[in-house]
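Step one of this worksheet: look at the structure below.
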Amino acid sequence: MVCILYISKSRKKVNEYLLSLGYESFLPLKSEFKIWRNRQRKLIKSPLFPSYIFVLATRNDIFDINRIYGICYCVTCAGVPAVISGNDIMSLKIMQEMDVEILRNNEFSSGDKIRIIDGPLCGYEGILIEIKGKKKFGVSISCVNLTAVVDLNTSKMEKCDISNNFREVIIFK
23 MVCILYISKS RKKVNEYLLS LGYESFLPLK SEFKIWRNRQ RKLIKSPLFP SYIFVLATRN
83 DIFDINRIYG ICYCVTCAGV PAVISGNDIM SLKIMQEMDV EILRNNEFSS GDKIRIIDGP
143 LCGYEGILIE IKGKKKFGVS ISCVNLTAVV DLNTSKMEKC DISNNFREVI IFK
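Position one of the sequence shown corresponds to residue 23 (the working numbering), numbered consecutively onward.
Next comes the structure, spelled out in structure tokens:
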């Protein structure tokens with residue numbers, strides 16, 4: 023998948039339009055409580071990675087996607103569209119479906135490479151991150167410096183070497 027940067031507050035329209043054109047897109051959302059001025063608490067869905075949407079596209083599709091209103095440009099690494107593995111996208115989708123708090127962590131520090139051995143994320147690989155003394159499982163998209171982390175019991179993890187045999191995913195920004 024490729025990562026696309028979209029104009030602020032246009033995430034739903036861009037995602038719906040991409041889906042209507044037949045592209046497979048993914049907009050990772052997290053649920054959080056917002057407190058309004060009248061002290062009312064409301065559960066809302068906000069983007070896990072603000073301004074980013076992930077689209078499964080070929081290099082030829084990128085030019086057409088960049089012309090869509092609301093999309094700024096495709097994120098690139100050294101002039102080439104940033105590619106995200108299908109395994110990372112699937113991990114984000116499963117984390118989104120789990121009933122746990124998902125945090126966004128851009129101050130990513132390299133940790134132990136781990137594999138989940140039990141639960142909904144069983145078989146997925148990622149990075150072990152320690153935040154405020156708690157160990158968390160992280161999915162890192164290094165080419166655009168994005169990381170999503172979820173709190174998991176360390177008994178469900180084992181050390182491993184991360185394989186690079188994943189399906190490619192291009193990123194637009």
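Beta carbons: idealized from backbone N, C-alpha and C, even for Gly.
For N175, is the classification buried or exposed, using 16 other Cβ atoms within 10 angstroms of its Cβ as the cut-off for buried? exposed
Which of the three DSSP states is assigned to S68 in this structure? strand
Contact between the region 62-69 and the region 131-147 is defined here as three or more beta-carbon pairs at a separation below 8 Å; is this criterion met? no
Could you check the C-alpha separation between V166 and S107 for me, to the nearest Å? 13 Å
Contact set for S113: own chain, Cβ-Cβ below 7 Å, skip 5 residues either direction: L143, Y146, G148 and V161
Whole beta strand (DSSP E) elements within the region 38-67, 3-residue minimum: 46-48 and 51-57
So what does DSSP say about V77, is it helix, strand or coil? strand
Whose C-beta lies closer than 8 Å to the C-beta of S42 among residues of the same chain, with five residues either side of it excluded? none
Expressed to the nearest angstrom, what Euclidean distance is found between the alpha-carbon atoms of M179 and V77? 30 Å
Compare the C-alpha of Y74 against each of K34, V102 and I57 and name the closest. K34
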